[in-house]
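Count the sequence shown with full-length UniProt numbering and you get residues 1 to 286, in order.
Only one structure is covered here, and it is reproduced in the block below.
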Amino acid sequence: MTDTTHDHDVDHQVDDATSSSTPPPTEPASPADPATPRLTLGARIGTALAAVVVAIYVATSILTVVPQGDATRALTAAARPYFSQQWNVFAPSIQKTNRHLQMQAQWRDDSGALVKSEWLDITRAEYAAGEGEIQPARTVKQSANLLKTYTERFRGLTPEQQAIVQDTFIRRADTDSGFAAKTAVSLIDQLSALDEGGRGRVITMLRADYVLKEFTTYWATAWFGRDIERVRWRVATERPNDFAHRSDDQQQFTPSTRTFGWREADDVIDPQALSVYQGIVERYAR
């Protein structure tokens with residue numbers, strides 16, 4: 001018997017076998033929604049404890065800084081040592097006292113008699129000019145800045161030198177008033193003799209004294225409208241209660257005053273500079 005199968009028939013059979021053995025393509029499955037992970041029991045307990053700790057901390061902080069009464073003091077007594085306020089973190093050289101420059105002046109009236117004024121609080125008048133202002137002018141801090149420098153240099157002197165600086169810087173002289181200012185050379189020699197090696201501190205102190213004399217002379221001239229003959233000043237210091245006693249009616253610290261002697265006002269008044277002080281006096285100080 002003759003095999004009559006042709007090659008092309010074999011090819012068709014092989015193709016049919018191959019196609020029947022190949023699995024039909026499947027459609028892609030839709031992605032399943034991701035399951036939301038649930039917190040374990042330990043995580044829930046830890047979260048709850050953290051929330052309780054934060055709530056206690058916030059409540060204790062509020063009770064610590066609000067004005068204290070009997071109830072709040074009792075509630076915060078145990079925690080108060082751990083919530084003390086350290087303001088020097090934000091202001092390392094915080095000023096704990098309020099210093100005011102107060103000035104007194106003398107002049108001659110129409111009859112030639114010597115007139116002495118009342119004490120004028122320059123610092124209070126300057127601060128009044130800055131009330132309600134977001135960015136007050138720098139003139140409202142002139143006396144405060146001068147007092148800071150003056151007080152620091154004064155404290156650098158010995159007690160004997162401080163006593164001389166607090167005295168008058170006036171001497172008798174052949175003038176219309178019969179007095180004149182002590183010379184800078186005589187003051188430097190007098191003060192330097194009390195502390196060898198402290199001549200530099202003496203000179204810087206006298207410079208600050210001269211600036212303060214000029215400043216108070218202009219203020220007195222602008223305020224009283226007179227030809228000022230001499231001036232003197234005093235430093236009034238007030239210290240507020242400490243933070244722990246901020247709500248107490250009783251003051252912890254007694255106000256103090258340090259008075260300095262008369263200085264001869266032998267300055268040549270500059271009309272332009274005087275007009276600035278006159279403007280400040282008329283707008284804010286009256």
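Glycine included, C-beta positions come from ideal geometry on N, C-alpha and C.
In angstroms with no decimal places, state the Cα-to-Cα distance between T216 and A184.
-> 19 Å
What beta strand (DSSP E) runs, 3 residues minimum, are completely inside the stretch 160 to 236?
-> 170 to 172 and 179 to 181
Please state if the CB of A265 and the CB of R226 are separated by a distance shorter than 8 Å.
-> no
Does the stretch 97 to 116 come close enough to the stretch 233 to 243 to have 3 or more Cβ pairs within less than 8 Å?
-> yes
For A144 versus T123, is the C-beta distance shorter than 8 Å?
-> yes
Rounded Cβ spacing between Q161 and L194 (contact assumed at less than 8 Å) | 5 Å
Helix, strand or coil at K96 [DSSP, three-state] = When DSSP states are grouped into helix, strand and coil, K96 belongs to the coil group.
Candidates Q142, T221, G69 and V52: closest to S117 by CA position | S117 has its Cα closest to that of T221, out of Q142, T221, G69 and V52.
Kindly list the residues whose CB is nearer than 8 Å to the CB of T149, restricted to its own chain and excluding five residues on each side of it in sequence; keep chain order.
-> Closer than 8 Å at the Cβ level, and outside the excluded window around T149, lie A208.
Grouping DSSP H, G and I as helix and E and B as strand, with all else coil, what is V52?
-> helix
Would W219 pass as a contact of Y127 if the rule is Cβ separation under 8 Å?
-> no
Segment contact, 8 Å Cβ cut-off, at least three pairs: the stretch 171 to 190 with the stretch 238 to 251 | no
When the Cα of D270 is compared with those of V281, E214, R73 and R246, which residue comes out closest?
-> E214
Skipping 5 residues on each side, what residues in its chain have a beta carbon closer than 8 Å to that of L39?
-> T47
Just mark F169 as buried or exposed, buried being the case when its beta carbon has 16 or more other beta carbons within 10 Å.
-> buried
Identify whether L41 lies in helix, strand or coil by the three-state DSSP scheme.
-> Here DSSP, grouped into helix, strand and coil, assigns L41 to helix.
Residues that DSSP places opposite Q106 in a beta bridge = Beta-bridge pairing links Q106 to K116 and R230.
What span of residues does the alpha helix (DSSP H) with S256 cover, start to end?
-> Note, S256: premise wrong, no alpha helix (DSSP H); beta strand (DSSP E) at S256 to T259.
According to DSSP, which residues form a beta bridge with R263?
-> Looking at the DSSP assignment, R263 forms a beta bridge with V231.
Please classify L101: does DSSP put it in a helix, a strand, or coil?
-> strand
Determine the direct distance from the alpha carbon of R246 to that of V66, and round the result to whole angstroms.
-> 10 Å
Buried/exposed call for M1, threshold 16 Cβ in 10 Å = In this prediction, M1 has a pLDDT of 48, which is less than 50 and means its spatial position is unreliable; what the coordinates show is noted afterwards. Classification of M1: exposed, given that the 10 Å Cβ count is below 16.
Which residues mark the beginning and the end of the alpha helix (DSSP H) in which I269 is found?
-> Neither: I269 is in no alpha helix (DSSP H) and is coded neither H nor E.
Alpha-carbon spacing of A180 relative to I203, whole angstroms | 20 Å
If R283 sits next to W262, beta carbons under 8 Å apart, how far is it from one beta carbon to the other, in whole angstroms?
-> The Cβ separation is near 29 Å, so there is no contact.
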